[in-house]
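A.B. asks:
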Amino acid sequence: MIETIKNQIYEHLNKEVKVISKENRNRNEVFYGNVVEIYSHVFIVSNGIERKSYSYSDILAKDIQITFL
Numbered sequence: 148m149i150e151t152i153k154n155q156i157y158e159h160l161n162k163e164v165k166v167i168s169k170e171n172r173n174r175n176e177v178f179y180g181n182v183v184e185i186y187s188h189v190f191i192v193s194n195g196i197e198r199k200s201y202s203y204s205d206i207l208a209k210d211i212q213i214t215f216l
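If you use my numbering, the sequence shown corresponds to residues 148 to 216, in order.
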């Protein structure tokens with residue numbers, strides 16, 4: 148299952164994505180950027196100002212949602 152997620156992220160390397168992550172107290176954070184780096188357990192999304200790392204297991208656990216734009 149995680150390999151499928153990794154492959155989908157890899158196909159969108161250097162492409163724009165929208166990431167919605169769950170925060171405390173039922174708040175969501177929305178982050179737009181490009182997938183710039185891919186590692187074995189995490190991937191990096193950058194918008195030129197900020198860089199954020201997310202794990203593939205967060206997608207599997209539904210802690211984050213990623214939309215390919």
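All C-beta atoms in this analysis are idealised placements derived from N, C-alpha and C, irrespective of residue type, glycine included.
As the structure is a prediction and not an experimental result, all values here were calculated from the model.
S193 and N181 - do their beta-carbons sit closer together than 8 Å?
C.D. replies: Stepping through the sequence shown from its first residue, residue 181 is reached at position 34. Stepping through the sequence shown from its first residue, residue 193 is reached at position 46. A contact, by the Cβ cut-off of 8 Å.
A.B. asks: Tell me the DSSP secondary structure of E163 in three-state form.
C.D. replies: Against the sequence shown, residue 163 aligns to sequence position 16. Residue state, collapsed to three classes: strand.
A.B. asks: Leaving out five residues before and five after H159 in sequence, what residues of the same chain have Cβ atoms less than 6 Å from its Cβ?
C.D. replies: Stepping through the sequence shown from its first residue, residue 159 is reached at position 12. Once the five neighbours on either side are set aside, the close Cβ partners of H159 are V182, F215.
A.B. asks: For I149, count neighbouring C-beta atoms within 10 Å of its own C-beta (all shown protein chains included) and say buried if the count is 16 or more, exposed if not.
C.D. replies: As a working mapping, residue 149 is identified with position 2 in the sequence shown. Exposed, by the Cβ-count rule.
A.B. asks: Apply the 10 Å Cβ neighbour rule to V177 and answer buried if 16 or more other Cβ atoms are within range, or exposed otherwise.
C.D. replies: Your numbering for residue 177 matches position 30 in the sequence shown. Exposed.
A.B. asks: For I196, which of helix, strand or coil comes out of DSSP?
C.D. replies: Residue mapping note: residue 196 aligns to position 49 of the sequence shown, counting from 1. Looking at I196 - three-state DSSP - the assignment turns out to be coil, as it is neither helix nor strand.
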